[in-house]
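**Q** Under my numbering, the first residue of the first sequence is numbered 1, with each subsequent residue one higher.
C-beta: ideal position from N, C-alpha, C; glycine also.
Here it is: the structure, laid out below.
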Amino acid sequence: MSPLLGLSIDDTLGKLLMATIDKLKIKKSERSNASSCVNNITAKVVTHLKQNVNWCKDIERLRTGSYYENVKICEPDEFDVMRSIPVDVALKRHPNKHALHRFLNEDKTIQASEMLSEFRDAVKEAVQKLPCRSKQTCIKKKPRCPAVTLEVKMEENGKTISIDFVLGLKVHRASWPDFTKDGFKIETWLGKKEKANMKHRPFYLVSKYEGKGHTDAWRISFSHVEKEILKRHGHSKTCCEDVGYKCCQYLFSQRGRLQIQEDVQILLLSCKDHPSPCVCYKGNRQQVAYSQLAICFQQLLEDFVQHLRKCHLPNFFIPSHNLLRQASPSSCDFLANEIEFQLNNNFLIFS
DNA sequence: AATCGCTAAAGGGG
DNA sequence: CCCCTTTAGCGATT
């Protein structure tokens, strides 16, 4: 596009969005500090678990969450680390020989609560064994949250970061459970081949508290697949995910009144329904990219507003599961109004 | 099970 | 726009 044509309103908006992204970037030094601290602690915790808990011998570290998806903004202060135990057919065939056999209920399901409390105790022990830093480290118990959360004050800059250890079971089977069959529609923008590839990945079961603590329950997790989609998305040069996601995240942190855990899903749903207008801003900062960036971002937010008005946002992998089921209509409307206000006022929030 | 080496991706400086 | 540094992630090796 020729510069003689001048700036349209979309170009201006695109530039504003780019500037906002730059502001939200994590500083390299902060990232370095935080990751060395987190990696140090997680490595020690995982060796302790391997050596001291018999059913944790094969435990694996799985980095999940926004930081490891490269969509964390502002500060590198939250890290999610899943500790996963591979579960294989051996458990079904020879339940008595498997290390997990004592957690089995009579109906062959696995007791979450018992495992979770052993897990929590073991992490506690590991943290107590940590050297000098231990004074700066404490375990937080958040109500109704199955993760073991560490809060660590860093020596370098005095900032506090939190590390969530989540207990998960890694299940490798021929296919994913039936209730996922209408979800995960990535064909429209990533293709069938990619979809088939990803369907071969295992899935994870993450412990959760149900009711007053003692009902055993597992929630299915596809965070590793989400991560892969976001990564591929960038490769395919059709992405708008960084700007869309970050800006949504930004709106949440500034104005959000909802507790939505899987906010990446908003992005995934929008990609599914509107794959075409997405244009990668990376490596192409020409004017044409700015206007398309703005269009793409507006589309994403309009999609989100529609979902909020209906109080209905299906889980990307499990369409029958509504992520907004616990949000009140008034809070959904509140957020929808806020977003519409920003849409109609050239994103005052970013200026 | 731990270590090494390689590559990709991102931040940042020039 | 290119080049350098750092981290993450994977696989091979021991």
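So THR311 packs on CYS296, CB below 8 Å; how close in whole Å?
**A** As a working mapping, residue 311 is identified with position 311 in the first sequence. As a working mapping, residue 296 is identified with position 296 in the first sequence. The question names Thr, but residue 311 is Cys in the sequence shown. Not really, about 25 Å apart at Cβ, beyond 8 Å.
**Q** Exposed or buried, HIS200, counting other C-beta atoms within 10 Å across all chains shown (16 or more means buried)?
**A** Taking the first sequence and counting its residues from 1, the one referred to as residue 200 is at position 200. The residue is exposed, with fewer than 16 neighbouring Cβ atoms inside 10 Å.
**Q** Can you grab the Cα-Cα spacing for the pair ASP182 / PHE317, in whole Å?
**A** The residue you call residue 182 lines up with position 182 of the first sequence. The residue you call residue 317 lines up with position 317 of the first sequence. In a straight line, the C-alpha of ASP182 is about 8 Å away from that of PHE317.
**Q** Apply the 10 Å Cβ neighbour rule to GLY158 and answer buried if 16 or more other Cβ atoms are within range, or exposed otherwise.
**A** Looking up residue 158 in the first sequence gives position 158. Exposed, since its Cβ has fewer than 16 Cβ neighbours within 10 Å.
**Q** What residue from LYS170, LYS50, ARG309 has the CA that sits closest to HIS224's CA?
**A** As a position in the first sequence, residue 224 is number 224, starting the count at 1. If we check each option's Cα against that of HIS224, LYS170 comes out closest.
**Q** Mapping the DSSP letters down to three states, classify CYS37 as helix, strand or coil.
**A** Counted from its first residue, the first sequence places residue 37 at position 37. In the structure shown, CYS37 sits in a helix (DSSP, three-state: H, G or I).
**Q** From which residue to which residue does the alpha helix (DSSP H) around MET82 run?
**A** For the purposes of this step, residue 82 is taken as residue 82 along the first sequence, with counting starting at 1. Per DSSP, MET82 belongs to no alpha helix (DSSP H); it is in the beta strand (DSSP E), 78-87.
**Q** Considering only C-alpha positions, which residue in the set VAL305, GLN298, ILE59 is nearest to GLY168?
**A** Looking up residue 168 in the first sequence gives position 168. Of the candidates VAL305, GLN298, ILE59, the one whose C-alpha sits nearest the C-alpha of GLY168 is ILE59.
**Q** Just how far apart, CA to CA, sit SER113 and VAL206?
**A** As a first step, residue 113 must be located in the first sequence, where it is residue number 113. As a first step, residue 206 must be located in the first sequence, where it is residue number 206. Answer to the nearest angstrom: the Cα atoms are 12 Å apart.
**Q** Which residues mark the beginning and the end of the beta strand (DSSP E) in which PHE165 is found?
**A** Position 165 of the first sequence holds residue 165. Per DSSP, PHE165 belongs to the beta strand (DSSP E) from 160-171.
**Q** Within 10 angstroms of the Cβ of GLU241, are there 16 or more other Cβ atoms? Answer buried if so, exposed if not.
**A** Position 241 of the first sequence, counted from the first residue, corresponds to residue 241. Interpretation of GLU241 is limited by its pLDDT of 49, a score under 50 that renders its predicted location unreliable; the figure taken from the coordinates is listed afterwards. The residue in question, GLU241, is buried, as its Cβ has 16 or more Cβ neighbours within 10 Å.
**Q** Rounded to the nearest angstrom, what separates GLU75 and HIS98 at their Cα positions?
**A** Numbered from 1 along the first sequence, position 75 holds the residue referred to as residue 75. Numbered from 1 along the first sequence, position 98 holds the residue referred to as residue 98. About 42 Å.
**Q** So, is ASP22 buried or exposed, given that buried needs 16 or more other C-beta atoms within 10 angstroms?
**A** Along the first sequence, read from residue 1 onward, the residue named residue 22 stands at position 22. Exposed is the call here.
**Q** How is ALA217 classed by DSSP in three states: helix, strand or coil?
**A** If you number the first sequence from 1, residue 217 lands on position 217. The answer is strand: DSSP assigns ALA217 an E or B state.
**Q** Quick one: residues in its chain with C-beta nearer than 7 Å to the C-beta of GLN261, no 5 flanking neighbours on either side, listed in chain order?
**A** Mapped onto the first sequence, residue 261 falls at position 261. Because GLN261 carries a pLDDT of 47, less than 50, the predicted location of this residue cannot be relied on, and the following value inherits that uncertainty. No residues qualify anywhere along the chain.
**Q** Which one or two residues does DSSP pair with LEU104 in a beta bridge?
**A** Counted from its first residue, the first sequence places residue 104 at position 104. Answer by DSSP bridge pairing, in chain order: ILE110.
**Q** Could you tell me which of ASP121, GLU30, ALA126 sits nearest to MET154, measuring between CA atoms?
**A** By 1-based counting over the first sequence, the position of residue 154 is 154. Comparing Cα positions, the closest option is GLU30.
**Q** Taking just the CA atoms, how far does ARG63 sit from GLN51?
**A** Locating residue 51 in the first sequence gives position 51, counting from the first residue. Locating residue 63 in the first sequence gives position 63, counting from the first residue. About 21 Å.
**Q** Could you check if TYR281 is buried or exposed, using at least 16 other CB atoms within 10 Å of its CB as the buried criterion?
**A** The residue given as residue 281 occupies position 281 in the first sequence. The predicted model places TYR281 with a pLDDT of 41, which falls under 50 and marks its position as unreliable, so this point remains unresolved.
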